[in-house]
Amino acid sequence: MKYILLFLSLTASLIANAQCPIGSAYFWTTFTPATINVPVTQTGTWKQNIIDINIVSGRTYMVGNCSLIGGTNPSPALGTSVTVRDASGAVITWASDATGGVCAIFTATYTGVAKAHFYRDNCTTETISFTAAAVWAGCSVPTPQPATGITVSSANLSWTPGFNTPIGYEYAVTTSATPPATGTGTVGVTYTATGLIPNTTYYLHVRQNCGGTLGWSEWQKKEFKTLNCDKPTISVKNITPNSADLKWNASTGSTNFDYFVSKINMAPGTPLPVTTVNTTGTTASLTNLDEGTKYYVFLRSNCSPTVRTEWVLDSFTTRTICRPPVLAVDYVTSDRAVVYWGKAPTAIAYDYEVSQSPTPIGKGTKILANSFQAFPMKDGQVYYFHVRSICEDQGFASTSDWNTTSFRTFPTAVGNVAGNAVTMSVYPNPAHNMITLDINGKTAVDGHVTISSLNGSTLHTQAVNSKATSIDISKFPAGIYMLKYTDGGFSEVVRIVKQ
Numbered sequence: 012m013k014y015i016l017l018f019l020s021l022t023a024s025l026i027a028n029a030q031c032p033i034g035s036a037y038f039w040t041t042f043t044p045a046t047i048n049v050p051v052t053q054t055g056t057w058k059q060n061i062i063d064i065n066i067v068s069g070r071t072y073m074v075g076n077c078s079l080i081g082g083t084n085p086s087p088a089l090g091t092s093v094t095v096r097d098a099s100g101a102v103i104t105w106a107s108d109a110t111g112g113v114c115a116i117f118t119a120t121y122t123g124v125a126k127a128h129f130y131r132d133n134c135t136t137e138t139i140s141f142t143a144a145a146v147w148a149g150c151s152v153p154t155p156q157p158a159t160g161i162t163v164s165s166a167n168l169s170w171t172p173g174f175n176t177p178i179g180y181e182y183a184v185t186t187s188a189t190p191p192a193t194g195t196g197t198v199g200v201t202y203t204a205t206g207l208i209p210n211t212t213y214y215l216h217v218r219q220n221c222g223g224t225l226g227w228s229e230w231q232k233k234e235f236k237t238l239n240c241d242k243p244t245i246s247v248k249n250i251t252p253n254s255a256d257l258k259w260n261a262s263t264g265s266t267n268f269d270y271f272v273s274k275i276n277m278a279p280g281t282p283l284p285v286t287t288v289n290t291t292g293t294t295a296s297l298t299n300l301d302e303g304t305k306y307y308v309f310l311r312s313n314c315s316p317t318v319r320t321e322w323v324l325d326s327f328t329t330r331t332i333c334r335p336p337v338l339a340v341d342y343v344t345s346d347r348a349v350v351y352w353g354k355a356p357t358a359i360a361y362d363y364e365v366s367q368s369p370t371p372i373g374k375g376t377k378i379l380a381n382s383f384q385a386f387p388m389k390d391g392q393v394y395y396f397h398v399r400s401i402c403e404d405q406g407f408a409s410t411s412d413w414n415t416t417s418f419r420t421f422p423t424a425v426g427n428v429a430g431n432a433v434t435m436s437v438y439p440n441p442a443h444n445m446i447t448l449d450i451n452g453k454t455a456v457d458g459h460v461t462i463s464s465l466n467g468s469t470l471h472t473q474a475v476n477s478k479a480t481s482i483d484i485s486k487f488p489a490g491i492y493m494l495k496y497t498d499g500g501f502s503e504v505v506r507i508v509k510q
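Residue numbering for the sequence shown follows this note's numbering, beginning at 12 and increasing consecutively.
Here it is, written out as structure tokens:
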């Protein structure tokens, strides 16, 4: 049979024997440490002859230089005694041995503190030294160890045996700190707990069986907590017109991840697409995407075969390629022409260049509008108009290729050469409500006037049957418009301003 030992190295000034009254000689200083916490072993330097023992009712204790404990005989060797008293000073037990083998054995009748007094039997002051101990003579308890390998649903548990050699153990894993009545039997000292709940506090309860009259020890417990299965956090980087990079954190408790990408924001409970990808990594590169398109990224953490997070949603939009505008030409006369184009996606401005070169020869001139009147120009000549887009998309700036259109200005009319020149004037310009178109000179039949916006949309058409024609522009929004007069032999464009 083995016992829990507490060996205490003691040097004391000792007086009296068990019949001597308690005097100041017993209490004039304190121990370091002052209390034996049976059955936890303590060591220390003892400076006087009284020690406290924490006792539990029903347990049997041995105090002193007991044969079952070991230790050393006192020096001087003879006449050393030990008396155990309760808090009131009443003697619980005492022992004195002429050979110096002093051992007091008692069974506690209460839970609290008992005081052990060591002294010389001759009631005289004398300094002696010896090794004393206090033990609990029951089945010692095992010691649960900190849990290892903790996941969201499992943990590796272990314990070490107590001082007595056990014949087996019982263990239980519960969410209550209160020990169970019984547990699962085993002769091993390890157990892997599975099927646990994430982010939950558990207790390993374990006791050992010392066999025979010692029987079962008390339960001992060790607390641990399972990991939480945390949702991952997504970030999207390096977005281009047809690709993007995904990155997410290795969230607590996760072992692998599922993700998929969709153009549709799928509602919870929607069947998963077949393109769901499983990975143990934390990055993914997406390719073959459509430009200028919004995508939704769905990601979840798998923490065990049965434990996973809800889907986490993020989204991004691929960039749009910066493209040149589509050009159109109208209102061509002998000395001018209007070039216009629709707004290019993501364009914030344009560069233009007018020349007689079929390829751009410079960097161009920046313009915010999407139309331009080229003036003045030579009659009967071919000109080239080059435009490119200046784009900004999601903070990325880019410039498109050039797009080019060409046109030829009208030659001077034959009538003009013969002295029968036709001239046109519009007034007032700017105007609020009405303008007048005056035609001077010989004109052909079927004359008409057209007013258009700068993007080429026709807003008003009217026949011209006289030298002076009134035109109502009162319903036009304030802005700049192009007025074009055409008949069988003459055509001219002027810019008008509506106030």
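Heads up, the beta-carbon is just placed ideally off N, CA and C, and yes, glycines get one too. Remember, it's a predicted structure, so these values are computed and weren't measured experimentally.
Taking just the CA atoms, how far does residue j sit from residue i?
{"i": "valine 102", "j": "threonine 71", "result": "16 Å"}
{"i": "lysine 236", "j": "threonine 211", "result": "5 Å"}
{"i": "glycine 391", "j": "valine 460", "result": "23 Å"}
{"i": "glutamine 219", "j": "tyrosine 307", "result": "57 Å"}
{"i": "phenylalanine 501", "j": "threonine 344", "result": "9 Å"}
{"i": "lysine 232", "j": "alanine 188", "result": "8 Å"}
{"i": "glycine 199", "j": "alanine 127", "result": "39 Å"}
{"i": "threonine 266", "j": "glycine 292", "result": "9 Å"}
{"i": "threonine 298", "j": "valine 398", "result": "31 Å"}
{"i": "glycine 458", "j": "glycine 406", "result": "51 Å"}
{"i": "proline 488", "j": "serine 382", "result": "18 Å"}
{"i": "serine 312", "j": "glycine 206", "result": "18 Å"}
{"i": "proline 153", "j": "asparagine 289", "result": "44 Å"}
{"i": "methionine 445", "j": "tyrosine 438", "result": "9 Å"}
{"i": "serine 400", "j": "alanine 358", "result": "6 Å"}
{"i": "threonine 434", "j": "threonine 415", "result": "32 Å"}
{"i": "valine 51", "j": "valine 74", "result": "Note that valine 51 scores a pLDDT of 32, beneath 50, so its modelled location is shaky and nothing firm can be said."}
{"i": "threonine 410", "j": "cysteine 333", "result": "6 Å"}
{"i": "cysteine 402", "j": "asparagine 451", "result": "47 Å"}
{"i": "serine 262", "j": "serine 164", "result": "15 Å"}
{"i": "glutamate 364", "j": "glutamine 384", "result": "12 Å"}
{"i": "lysine 305", "j": "phenylalanine 418", "result": "40 Å"}
{"i": "isoleucine 64", "j": "proline 155", "result": "25 Å"}
{"i": "glycine 173", "j": "glutamate 181", "result": "13 Å"}
{"i": "proline 256", "j": "lysine 374", "result": "At residue 256 the sequence reads aspartate, which differs from the proline that was named. Looking at the two C-alpha atoms, the distance is approximately 34 Å."}
{"i": "proline 243", "j": "threonine 251", "result": "24 Å"}
{"i": "aspartate 241", "j": "isoleucine 372", "result": "60 Å"}
When you compare each of the options to residue i by their alpha carbons, which one comes out closest?
{"i": "leucine 338", "options": "Glu503, Asp483, Pro172, Tyr351", "result": "Tyr351"}
{"i": "isoleucine 208", "options": "Val505, Ala255, Gly264, Trp227", "result": "Gly264"}
{"i": "threonine 294", "options": "Lys305, Thr370, Lys258", "result": "Lys258"}
{"i": "serine 246", "options": "Asn260, Thr420, Leu215, Asp97", "result": "Asn260"}
{"i": "serine 169", "options": "Pro177, Thr159, Val163", "result": "Thr159"}
{"i": "proline 369", "options": "Asp362, Val393, Ala360", "result": "Val393"}
{"i": "tyrosine 121", "options": "Trp105, Gly179, Gly499, Ala98", "result": "Ala98"}
{"i": "tyrosine 496", "options": "Ile507, Gly490, Lys486", "result": "Ile507"}
{"i": "aspartate 412", "options": "Thr203, Tyr361, Thr162", "result": "Tyr361"}
{"i": "alanine 166", "options": "Pro172, Asn249, Pro157, Gly173", "result": "Pro157"}
{"i": "valine 504", "options": "Tyr342, Phe421, Thr447, Asn440", "result": "Tyr342"}
{"i": "serine 468", "options": "Thr251, Asn476, Val475, Leu494", "result": "Leu494"}
{"i": "tyrosine 214", "options": "Gly194, Cys221, Ala183", "result": "Ala183"}
{"i": "asparagine 440", "options": "Asp483, Phe421, Val475, Lys478", "result": "Asp483"}
{"i": "threonine 201", "options": "Val318, Thr171, Gly123, Gly222", "result": "Thr171"}
Can you tell me whether DSSP reads residue i as helix, strand or coil?
{"i": "arginine 334", "result": "coil"}
{"i": "isoleucine 482", "result": "strand"}
{"i": "valine 198", "result": "coil"}
{"i": "arginine 70", "result": "coil"}
{"i": "asparagine 427", "result": "A caution first: asparagine 427 carries a pLDDT of 44, below 50, which makes its placement in the model unreliable, though a value can still be read off. Looking at asparagine 427 - three-state DSSP - the assignment turns out to be helix."}
{"i": "cysteine 114", "result": "strand"}
{"i": "serine 502", "result": "strand"}
{"i": "isoleucine 359", "result": "strand"}
{"i": "asparagine 239", "result": "coil"}
{"i": "valine 568", "result": "There is simply no residue 568 to check, as the chain begins at 12 and stops at 510 in what is shown."}
{"i": "tyrosine 180", "result": "strand"}
{"i": "phenylalanine 386", "result": "coil"}
{"i": "glycine 391", "result": "coil"}
{"i": "lysine 258", "result": "strand"}
{"i": "threonine 244", "result": "coil"}
Just to check my reading of the structure: residue i and residue j have Cβ atoms closer than 8 Å, yes? What is that Cβ distance to the nearest angstrom?
{"i": "leucine 470", "j": "serine 481", "result": "Rounded, the Cβ-Cβ distance is 17 Å, inconsistent with contact."}
{"i": "threonine 331", "j": "glycine 303", "result": "4 Å"}
{"i": "asparagine 253", "j": "threonine 329", "result": "7 Å"}
{"i": "tryptophan 227", "j": "histidine 216", "result": "Contact doesn't hold; Cβ gap of about 12 Å is too wide."}
{"i": "alanine 355", "j": "proline 335", "result": "7 Å"}
{"i": "threonine 185", "j": "leucine 238", "result": "Between leucine 238 and threonine 185 the Cβ distance is about 19 Å, and since that is not below 8 Å, they are no contact."}
{"i": "cysteine 150", "j": "leucine 225", "result": "4 Å"}
{"i": "glycine 179", "j": "threonine 197", "result": "7 Å"}
Quick one: is residue i near chain D, going by C-beta distance under 9 Å?
{"i": "alanine 339", "result": "Absence of chain D from the displayed structure is noted, only one protein chain being present."}
Exercise. For the segment 343-358 and the segment 319-326, state whether three or more C-beta atom pairs, one from each stretch, are separated by less than 8 Å.
Key: no
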